[in-house]
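Per my numbering, the sequence shown runs over residues 566 to 914.
Each residue gets a CB set at the ideal place from its N, CA and C atoms; glycine is no exception.
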Amino acid sequence: MSLDTQNINTTSFNIPPDREALNLMTKLKLDRFKLRKKKFDEEYIEIMKQNNDSTISVYDKVYMLKKSIERLFDETSKERYLKNFDAILTIAKVNTSTSNNVLENFRQQFIKVIVDGKKRSEYNYLFGLIMSQWLSEQKNEYTPLEMKSTSKSLLTNEQLEKIIFNQSQLDLDVWRNFLQHKLFSIFDKDSKLKDAFDEFKKSIEQYGKSLLKEKVSSNDIRQAIESLISNDSLDEYRKRLLTKMRLDENTVNEFESSLNLLISDLADWNWPIKGVRGIFRRNLVGKYRCFYEEDFLTAIFLEHIGLKWSYYFKYELKILFQVLNKKFRDNCSSKSIQYKRCRMQEDEY
């Protein structure tokens with residue numbers, strides 16, 4: 566990911582990050598409500614057409630309504646509305662004396678679910694429009710902030726940009742060779758170790774997929790905020806705002822809801838073309854630092870994903886380390902220095 570450095574020679578209006586976060590969350594949810602309303606409107610016309618078609622059997626109508634619910638609702642709602650549906654439908658097929666009544670009850674129930682869902686989609690969209698309009702009509706309370714650059718600061722900025730954007734000196738070919746032929750070469754000679762490494766890769770791949778389906782909790786939001794506050798990626802002003810937002814239950818719930826929306830539509834997320842925003846600022850000692858200037862929603866999202874992967878990688882790497890260390894330890898005498906060193910490494914790890 567690249568870093569978009571802002572031009573600090575121009576006069577700009579600095580929108581407070583907390584207001585910016587509110588605007589972004591409102592826009593995100595409004596876009597989601599708009600798509601959901603459009604989806605319901607399009608599906609509803611076809612549903613009513615099929616439901617009123619006398620040539621279609623009750624069984625086929627119920628089956629089509631089930632498919633519509635699967636398309637229109639999220640996983641939690643689908644599980645609630647379609648719970649035990651397949652099992653009951655199987656019983657209804659066997660017992661013909663009650664099948665028509667069961668199917669008709671399902672048809673009426675599914676129609677009600679879809680009609681109620683359509684009404685909720687319209688209500689949510691209208692509420693989102695009202696919120697969006699209210700935010701757009703707020704008076705501009707932001708004062709212009711003028712930041713001037715001296716020749717010395719520009720030179721410092723150029724030096725920092727060179728450090729950030731220049732390609733690293735790491736020789737990737739040498740690094741790959743070390744991993745393949747030295748660190749993991751023992752896997753080729755031991756089938757059990759090879760299986761352990763294959764399991765490691767498989768587990769990492771599965772976790773990546775499961776993370777896309779995992780719901781973000783309010784505790785996850787607080788952990789991400791705590792991590793952002795404790796590191797040096799944000800300036801003190803933004804840290805103070807995050808500290809206040811962390812203590813506000815409604816704000817935390819809004820972040821939780823918005824992040825779940827982002828993850829559910831991750832494929833449609835429009836990443837900034839120029840990358841993450843950043844700006845160079847001078848500290849009291851005269852040195853310049855590049856601070857993270859991304860909006861709070863994106864910052865918390867990236868921090869949340871980073872923490873999740875960090876915890877999981879540490880867990881899996883610890884298991885892999887224990888397998889590797891045991892291999893070396895078993896080849897040593899229990900009284901040797903190498904054996905004790907392996908034990909110490911395992912305890913410290």
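Quick one: grab the DSSP three-state call for D895.
helix
Cβ shell of H869 (< 8 Å), same chain only, five flanking positions each side left out:
V781, D785, I786, Q788, A789, L824
Excluding the five sequence neighbours on either side, which residues of its own chain have a C-beta within less than 8 Å of the C-beta of L827, listed in chain order?
Leaving aside the five residues that flank L827 on each side, the residues in its chain whose CB is nearer than 8 Å to its CB run, in chain order, L593, W834, L862, F866.
Roughly how many angstroms separate the alpha carbons of V888 and K774, rounded to a whole number?
25 Å
Beta-carbon spacing of S783, E821 below 8 Å
Cβ distance < 8 Å, so S783 and E821 count as in contact.
Buried or exposed: N896, going by 16 or more other Cβ atoms within 10 Å of its Cβ?
Exposed, by the Cβ-count rule.
Same chain, Cβ closer than 7 Å to L776, five either side skipped, listed in chain order:
K873
Check whether the Cβ atoms of K631 and N616 sit closer than 8 Å, and answer yes or no.
no
With a threshold of 8 Å, are at least 3 pairs of Cβ atoms found where one atom belongs to the segment 876-883 and the other to the segment 608-615?
no
Hey, L637 and K602: beta-carbon distance below 8 Å or not?
no
Mind checking K905: buried by the 16 CB within 10 Å criterion, or exposed?
exposed
Under 8 Å by Cβ, that's how I've got K643 and I634 pegged, so tell me the actual separation to the nearest angstrom.
6 Å
Answer with buried or exposed for I612, where buried requires no fewer than 16 other C-beta atoms within 10 angstroms of its C-beta.
Around the beta carbon of I612, 16 or more other beta carbons lie within 10 angstroms, which makes this residue buried.
Proximity to N890 [Cα-Cα], best of D800, K683, M909
M909
For T816, is the classification buried or exposed, using 16 other Cβ atoms within 10 angstroms of its Cβ as the cut-off for buried?
buried
By Cβ distance, which residues of its chain are closer than 7 Å to E881, with the 5 residues on each side in sequence left out?
F765, S768, I769
Out of curiosity, what's the CA-to-CA distance linking S714 and D813?
Low confidence applies to S714: its pLDDT is 48, below 50, so where it sits in the model is not reliable, and the reading given next is rough at best. In a straight line, the C-alpha of S714 is about 37 Å away from that of D813.
Following the continuous alpha helix (DSSP H) through N808, name the residue where it begins and the one where it ends.
The residue asked about is misnamed: residue 808 is Thr in this sequence, not Asn. Taken as a continuous stretch (DSSP letters only), the alpha helix (DSSP H) holding T808 covers 801-812.
Based on Cα-Cα distance, which residue from L694, Q698, D639 lies nearest to I679?
D639
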